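Working notes, structure below.
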Amino acid sequence: MNGVAKILIDFLEWICLFLFPITILGYPLKKYWKAILSVAVMMSFSSFLLHYTSLTIIYIVFLQIIIAFILACYFLADKMLEAFVITSMGYGFYIFVQMIFIEFLVRAFSWKYFNFLSDIFNQTLTQFITIGFLFLICFVVWCSPYQLNEFRSILKGPKMNKKYRILVLLISLLTVLFICLTVYSLLIEESDYKELSILLIMVLGFIILTFYLFLHIQFQKKQILEAKKLFLDQEQQIIDQVGYLRVEECRHFQAIAKLASRQAHEFIPDYITTNQLDKMPPEISTNSGLTSQLDELLFVFLTNKRKLGQLFGVSIKVSVSGNIHHNVSISLQQIVCISKFMDDCIFMLFRSSEEANKIIYFHVDLNEESIIFTISSPFYIKEKVHGNLKSYDAILQLKQLGASIQSEFQPIHLSIRSPIL
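Quick look at the structure:
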């Protein structure tokens, strides 16, 4: 095989190798395809040069992994652990799929492993079958909603649980070991234990894939628990506010009864009008008017907040901008923090005597790298009056999640720039 053809096949292989983890982890492909092509070009030339050295194939593979990891750190990932996962997952799955096809062809045509791998035609055929299969897998995963989004968001997040970090590192190291063992077992001469060793290595590959699935399920469970906590917190806040409404209702009733007992009936209509007791509660609108461009979680969150605002006489104006053409996911932790700030704003405005200021502007600006939330209102937050708000803790939590925040409280103007994880 001439050098140009070898580089071209290597180029396609490296595209598949990096395309699979990027797709399965739910990264926006539009943002990463140029980086994938750049890394694939550099890796194909590096691999071509390494094969002309006197190094054995095991050392060449190990050097390829190191070079791929360095390039992934620079082009594809923000953190070293993230780059290591992308590299090991891509290389490991490619080797795993190729090993299955080699095993199938060897069994189907009763060939010996060493003879099969020594033949240029067989090598090229196996490479093209693997490349075609991986492109198909990536396309199916890209078109489907079944991606490891929770795993990616935890991996890219500013803070990762130490236990999970160690577990992810061990799985990635185990994947590298799997790659080296696969190459070694396929290239050694025939022996009585070769078939058994290949079988055990394939079992190891399945175990590694199971580990990734296990991690994804664990992260999903964590998200569900956080969602339940958010629901219970929201329920408790509603209970507290309903209790406050009952107290206010009782206070107004006592005031009217006191006026009646003093025969001051002429003041009762004025009292009712002044406190807007004759005003009908606003009808809860079911038409949110929000765009389907929003993430499903954010869409439901904003719809419910608008309904809550209407219930307490607070108008929430939502607007969306940005030229992105695919859904942008927002993490549940970000929703929880923004929800606390919105609740504080709604309840402060509800208790305010200034009718004209009972409005909240909520703007969402979407782009490929971040989501910018802008929350503003003419209302002034006074530290002495509103000292026990959850908003201050929520802002600190958002900063811990990697968000950059600009805040003003007189009047309210909060700008939250959250990275897309």
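The numbers in the sequence shown follow numbering that gives the first Met the number 0, run straight up by one, and end at 420.
C-beta: ideal position from N, C-alpha, C; glycine also.
Treat the numbers as computed from the prediction; the structure is a model and nothing was measured.
Which of the three DSSP states is assigned to residue i in this structure?
| i | result |
| --- | --- |
| proline 418 | strand |
| valine 3 | helix |
| serine 320 | strand |
| valine 363 | strand |
| glutamate 407 | strand |
| tyrosine 73 | helix |
| leucine 423 | This structure leaves residue 423 out entirely; the chain is present only between 0 and 420. |
| isoleucine 206 | helix |
| histidine 264 | coil |
| leucine 24 | coil |
| leucine 413 | strand |
| isoleucine 8 | helix |
| isoleucine 200 | helix |
| isoleucine 223 | helix |
| isoleucine 315 | strand |
| isoleucine 380 | coil |
| threonine 285 | Low per-residue confidence applies at threonine 285: pLDDT is 49, beneath 50, and the placement is therefore not dependable enough to give any value. |
| alanine 402 | coil |
Would you tell me roughly how many angstroms separate the C-alpha atoms of residue i and residue j, rounded to the nearest one?
| i | j | result |
| --- | --- | --- |
| tyrosine 360 | isoleucine 404 | 17 Å |
| isoleucine 337 | cysteine 137 | 34 Å |
| aspartate 342 | glutamine 399 | 21 Å |
| tyrosine 145 | alanine 4 | 35 Å |
| glycine 321 | asparagine 366 | 6 Å |
| glutamine 333 | arginine 416 | 11 Å |
| cysteine 15 | leucine 135 | 10 Å |
| phenylalanine 252 | methionine 159 | 54 Å |
| serine 330 | cysteine 142 | 21 Å |
| glycine 25 | glutamate 149 | 9 Å |
| threonine 285 | isoleucine 315 | Confidence at threonine 285 is low in this model, with a pLDDT of 49, below 50, so the placement of that residue should be treated as unreliable; the coordinate-derived value is given next. When rounded, the distance between both Cα atoms is 14 Å. |
| aspartate 392 | isoleucine 370 | 20 Å |
| leucine 195 | valine 202 | 11 Å |
| alanine 107 | aspartate 118 | 16 Å |
| glutamine 219 | isoleucine 23 | 15 Å |
| serine 45 | leucine 147 | 30 Å |
| cysteine 157 | glycine 401 | Per the sequence presented here, residue 157 reads as proline, with cysteine not at that position. The straight-line gap from Cα to Cα measures roughly 6 Å. |
| serine 184 | alanine 67 | 23 Å |
| isoleucine 65 | alanine 71 | 10 Å |
| lysine 29 | glutamate 225 | 30 Å |
| histidine 325 | methionine 98 | Reliability of the predicted coordinates at histidine 325 is poor, the pLDDT of 49 falling under 50, and the value obtained from them is presented with this limitation in mind. Each residue's alpha carbon lies about 35 Å from the other. |
| arginine 164 | lysine 155 | 11 Å |
| isoleucine 380 | glutamate 407 | 9 Å |
| lysine 78 | serine 152 | 12 Å |
| isoleucine 345 | phenylalanine 127 | 60 Å |
| serine 43 | isoleucine 57 | 17 Å |
| glycine 312 | arginine 305 | 10 Å |
| leucine 301 | glutamate 295 | 10 Å |
| aspartate 232 | glycine 242 | 15 Å |
| phenylalanine 103 | leucine 199 | 16 Å |
| glutamate 247 | glutamine 262 | 23 Å |
| isoleucine 69 | aspartate 239 | 54 Å |
| tryptophan 13 | lysine 228 | 43 Å |
Along the chain, where does the alpha helix (DSSP H) containing residue i start, and where does it finish?
| i | result |
| --- | --- |
| serine 43 | 28-49 |
| threonine 302 | 295-310 |
| phenylalanine 127 | 119-142 |
| serine 101 | Looking at the sequence itself, residue 101 is isoleucine, so the reference to serine does not match. Looking at the DSSP string, the run of the alpha helix (DSSP H) that includes isoleucine 101 is 79-108. |
| threonine 428 | The shown model of the chain, from 0 to 420, leaves out residue 428, and the question about it has no answer. |
| asparagine 148 | 148-155 |
| leucine 348 | 331-350 |
| alanine 393 | 390-399 |
Judging by CA-CA distance, which residue of the options is the nearest neighbour of residue i?
| i | options | result |
| --- | --- | --- |
| lysine 131 | Asp392, Thr209, Phe100, Ser152 | The sequence as given places glycine at residue 131; lysine does not occur at that position. Of the listed residues, the one whose Cα sits closest to glycine 131 is Phe100. |
| leucine 310 | Leu348, Ile329, Leu296, Thr273 | Leu348 |
| phenylalanine 47 | Phe108, Leu62, Lys78, Met88 | Leu62 |
| isoleucine 35 | Val60, Leu49, Ala76, Gly2 | Ala76 |
| phenylalanine 74 | Leu7, Ile216, Tyr31 | Tyr31 |
| phenylalanine 83 | Phe298, Phe300, Ile238, Ser171 | Ser171 |
| valine 140 | Lys357, Cys344, Phe19, Leu297 | Phe19 |
| lysine 357 | Ala39, Gly308, Gln396, Ile267 | Gly308 |
| leucine 133 | Phe17, Ile85, Ala263 | Phe17 |
| leucine 169 | Ile206, Val60, Ile419 | Ile206 |
| isoleucine 394 | Lys339, Val363, Arg350 | Lys339 |
| lysine 161 | Leu80, Arg261, Leu199 | Leu80 |
| leucine 297 | Leu11, Tyr270, Val335 | Val335 |
| isoleucine 85 | Leu11, Tyr211, Ala254 | Tyr211 |
Span of the beta strand (DSSP E) holding residue i?
| i | result |
| --- | --- |
| phenylalanine 372 | 369-376 |
Does the Cβ of residue i lie closer than 7 Å to at least one heavy atom of the ligand MG?
| i | result |
| --- | --- |
| phenylalanine 74 | Here there are no bound small molecules, and the ligand MG is not part of this structure. |
**Request:** Would you be able to state if there are at least three C-beta pairs under 8 Å between the segment 361-380 and the segment 407-418?
**Result:** yes
**Prompt:** Between the segment 114-131 and the segment 53-60, do at least 3 Cβ pairs fall closer than 8 Å?
**Reply:** No, the segment 114-131 is not in contact with the segment 53-60.
**Item:** At least three beta-carbon pairs within less than 8 Å, the segment 88-108 to the segment 170-179
**Value:** yes
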